[in-house]
Every structure is written in structure tokens, then in C-alpha cells.
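Undergrad: Before I ask anything, here is the structure I am working with.
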Amino acid sequence: MSSEYCIRIALLVAGLMLAPLGVPAAESQAASWLDERPVQLAQSSSELTAKQAAARVKRRTGGKILSVRTTGAGGKTVHHVKVLLSGGRVKTFKVPTT
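Sequence positions in the sequence shown follow the numbering used here and run 104 to 201.
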């Protein structure tokens, strides 16, 4: 094994060991939910509007909202909120309406 590979494995193991202790992510506190899976943001049975979904993503990420589009398939409606994050990254979040 190369030394670079061993260093990467050691850093990965150290990160996995520290993660349960609440060590902040390198990018931001929002990093734990910055993925493409649907994010449950609505607590009530009423439907979340596109404007509300955008406001919640903005509040959680601190980024600039670029666009919001709504799609529906299989009886489920989802808002796709595209946001510009710090460092110039663009990320799309899927926010269910219910």
C-alpha cells in the first residue's frame, strides 16, 4: 500500500470516530443534510409552498436561491430548490410538499 493511501484511510477512520462527538463538518453545519435525498422540512399536514421551501433552504444554508421548480410523480410533489452556497458551489435540494 502507498503511504498516501494509508494516510487517507487513517483520516477517514479518525473522522468516523470523531463524528459522533459533534465535531463540526469541514464545509459547514449544513453539511449533514447537503445531499440529494428528500429533506423533511414540513411538520404539519398542510402542503409546503415553493416559496416556503425556498425560504427554509435559504435559512438552513445561508445561500442564495437560484431557482425553484416543482415536480410530481407517483402522487408525491417535490420542490427542487437550487441554491448557490459559499465557495461558489451550486446544490439542488429536494423538499417534499408534505
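Even for Gly, the Cβ is constructed at its ideal location relative to N, Cα and C.
#1: Alpha carbons only, please: which of M120, L114, L151 is nearest the one belonging to V171?
#2: Which same chain residues end up closer than 6 Å to K161 when comparing Cβ atoms and leaving out the 5 residues on each side of it in sequence?
#3: For A157, is the classification buried or exposed, using 16 other Cβ atoms within 10 angstroms of its Cβ as the cut-off for buried?
#4: Which residues does DSSP pair with A176 in a beta bridge?
#5: According to DSSP, simplified to helix, strand and coil, what is S170?
#6: Just how far apart, CA to CA, sit T174 and R159?
#7: Excluding sequence positions up to five away, which residues of its chain have a Cβ less than 8 Å from the Cβ of V186?
#8: What does the Cβ neighbour count give for V184, buried or exposed, with the cut at 16 atoms within 10 Å?
#9: Whole angstroms is fine: what's the gap from M120's alpha carbon to S106's?
TA: In short:
#1: Along the sequence shown, read from residue 1 onward, the residue named residue 171 stands at position 68. Answer by Cα proximity: L151.
#2: Taking the sequence shown and counting its residues from 1, the one referred to as residue 161 is at position 58. Around K161: I168.
#3: Position 54 of the sequence shown holds residue 157. Classification of A157: buried, given that the 10 Å Cβ count is 16 or more.
#4: Position 73 of the sequence shown, counted from the first residue, corresponds to residue 176. Per DSSP, K179.
#5: What you label residue 170 is simply residue 67 of the sequence shown in a count that begins at 1. Residue state, collapsed to three classes: strand.
#6: In the sequence shown, the residue the question calls residue 174 occupies position 71. In the sequence shown, the residue the question calls residue 159 occupies position 56. Taking the straight line joining both Cα atoms gives about 18 Å.
#7: Within the sequence shown, residue 186 is the residue found at index 83, counting from 1. Correct list, in chain order: V160, K161, T164, G166, K167, I168, L169, V193, K194, T195, F196.
#8: By one-based count along the sequence shown, residue 184 stands at place 81. Classification for V184: buried.
#9: The residue labelled residue 120 in the question sits at position 17 within the sequence shown. The residue labelled residue 106 in the question sits at position 3 within the sequence shown. Distance between the alpha carbons of M120 and S106 is about 21 Å.
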